[in-house]
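K.L.:
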Amino acid sequence: CTFCAYGAIYCGRGRVCYARNARCDGKIDCPDGADEKDCLSISPQVTHLTFPPPIVPHRPRFYSEGYAVFSEKGTTGKLCSVGMESNEYVRNTVAESLCKALGFERVDFSEIRNDTEPNTSYVRVLDPRASEISFVRTTCQSKQSLYVSCGQLECGVQSALPNGGNVGLSKMAAPGDWPWLVALFRADTHVCDGTLVSSDWVLTTESCFQGQAKATWYAIFGAVRLTSNAPWTQRRRIVTYTKTLLDCV
Numbered sequence: 001c002t003f004c005a006y007g008a009i010y011c012g013r014g015r016v017c018y019a020r021n022a023r024c025d026g027k028i029d030c031p032d033g034a035d036e037k038d039c040l041s042i043s044p045q046v047t048h049l050t051f052p053p054p055i056v057p058h059r060p061r062f063y064s065e066g067y068a069v070f071s072e073k074g075t076t077g078k079l080c081s082v083g084m085e086s087n088e089y090v091r092n093t094v095a096e097s098l099c100k101a102l103g104f105e106r107v108d109f110s111e112i113r114n115d116t117e118p119n120t121s122y123v124r125v126l127d128p129r130a131s132e133i134s135f136v137r138t139t140c141q142s143k144q145s146l147y148v149s150c151g152q153l154e155c156g157v158q159s160a161l162p163n164g165g166n167v168g169l170s171k172m173a174a175p176g177d178w179p180w181l182v183a184l185f186r187a188d189t190h191v192c193d194g195t196l197v198s199s200d201w202v203l204t205t206e207s208c209f210q211g212q213a214k215a216t217w218y219a220i221f222g223a224v225r226l227t228s229n230a231p232w233t234q235r236r237r238i239v240t241y242t243k244t245l246l247d248c249v
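Here is the structure:
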C-alpha cells in the first residue's frame, strides 16, 4: 500500500498501518484490533506463516493440525514442551484453549514432538499450576514442542471481526464481513455467487451452471469488490466432469 511506510503491515481496513514489531505487543494499533489477533495459532512449520513476509495481519494459511505457534512483538516461534512432558492436564488445557481460540470445537489429539526446524524461537508455560496460562521466552534445549490437531471447525463465524460481527447492513461491505461468500466466474466474467459450506464444497443455484458445464470456472474467495483484489483473496479452479448432472441442466 502506498500510504504505508516501507516494511509496515496494512491493517486491512481504512488507511492504517503498523510496524512489524508491533504485532502482538499488547497494544491495539488497528481499528478492529487485527494486529492483536491470532497471536497463537497452529502450523506445520513457522516458515509457513512468515514467508513470504505478510502484508496484512490475517493468517495467510489456515491449518487444523501442526505445532502450537506464538507471535509476539513481530517474532514468531513455537511453544516449547517444558512443563508439559509429564503433565497431561496442562498439555490438554493448552491444546483445548488453542483449538477454541482458532474456532474449532474439539481437540483430536495433542502430543510432544521433536522440532527439527532451524532458527526457531520458543516460549514455555510460565507456571503449569497457575489458574491462567501465561508464557515466557525460553531457549528450549530439548527442542521439543507441543503438536496439536483440532477438529470440527465452527461454521458461520466472522473470524476477522470482533465479537458481535456486523451490527447492520447500512454500510459498504469490508474485508471479513462475509468470509463464506464465494464469487463464481466463468472465464473472467462474474456469473453468480455461492456459499462456502466446507473446505471443498460451495453451495450455489442450479441455474448458475446451466448450459455452461464445459466452460472454465473459477471460485474467488475473500473478495468484497469485484473490481479489485485484496491481499487475502484466494482463487480456485472448479473441476467439472463429463456425464455428470452439470451436462444435463
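Numbering (the UniProt record's numbering) for the sequence shown: 1 to 249. Ideal Cβ placement from N, Cα and C applies to all residues, glycine included.
1) Please classify Leu-226: is it buried, with 16 or more other beta-carbons within 10 angstroms of its beta-carbon, or exposed?
2) Roughly how many whole angstroms lie between the Cα atoms of Cys-17 and Cys-99?
3) Straight-line CA distance for Phe-221 to Trp-232?
4) Could you check if residue 250 is buried or exposed, using at least 16 other CB atoms within 10 Å of its CB as the buried criterion?
5) From Ser-134 to Val-90, what distance separates their C-alpha atoms?
6) Which stretch, first to last residue, makes up the alpha helix (DSSP H) that contains Asn-92?
7) For Pro-179 and Cys-155, I'd like the C-alpha separation in whole angstroms.
8) Quick one: what does DSSP say Leu-79 is sitting in, helix, strand or coil?
9) Thinking Pro-57 and Cys-11 are a contact (beta carbons under 8 Å), I'd like their distance in whole angstroms, please.
10) Looking at Val-69: is its Cβ nearer than 9 Å to the Cβ of Phe-109?
11) Give me the Cβ distance between Leu-184 and Cys-208, rounded to the nearest whole Å; I'm assuming they're in contact under 8 Å.
12) Could you tell me the distance, in whole angstroms, from the CA atom of Glu-96 to the CA atom of Gly-14?
13) Tell me, to the nearest whole angstrom, how far the beta carbon of Leu-153 is from that of Ile-112; I am working on the premise that it is less than 8 Å.
14) Straight-line CA distance for Arg-235 to Lys-73?
15) Under the rule that 16 or more other beta-carbon atoms within 10 Å means buried, what is Thr-120, buried or exposed?
16) Looking only at its own chain, which residues have a Cβ that is under 8 Å from the Cβ of Thr-76, when we skip the five neighbours before and after it?
17) Nearest by alpha-carbon distance to Arg-124: which of Cys-80, Glu-105, Lys-143 and Ala-101 is it?
18) If distances are taken between C-alpha atoms only, which option among Gly-7, Val-94, Arg-129 and Cys-140 comes closest to Pro-118?
19) Less than 9 Å separating the beta-carbons of Glu-105 and Gly-66?
20) Should Val-136 be labelled buried (16 or more other beta-carbon atoms within 10 Å of its own) or exposed?
P.N.:
Inspection of the coordinates gives the following:
1) exposed
2) 29 Å
3) 8 Å
4) Nothing can be reported for residue 250: it is not among the residues displayed for the chain, which extend from 1 to 249.
5) 12 Å
6) Taken as a continuous stretch (DSSP letters only), the alpha helix (DSSP H) holding Asn-92 covers 88-101.
7) 10 Å
8) strand
9) 7 Å
10) no
11) 6 Å
12) 34 Å
13) With a Cβ gap of about 24 Å, Leu-153 and Ile-112 do not count as contacting.
14) For Arg-235 and Lys-73, the distance between alpha carbons rounds to 31 Å.
15) buried
16) Cβ neighbours of Thr-76 beyond the five flanking positions: Val-46, Leu-49, Thr-50, Val-69, Phe-70 and Ser-121.
17) Cys-80
18) Cys-140
19) no
20) exposed
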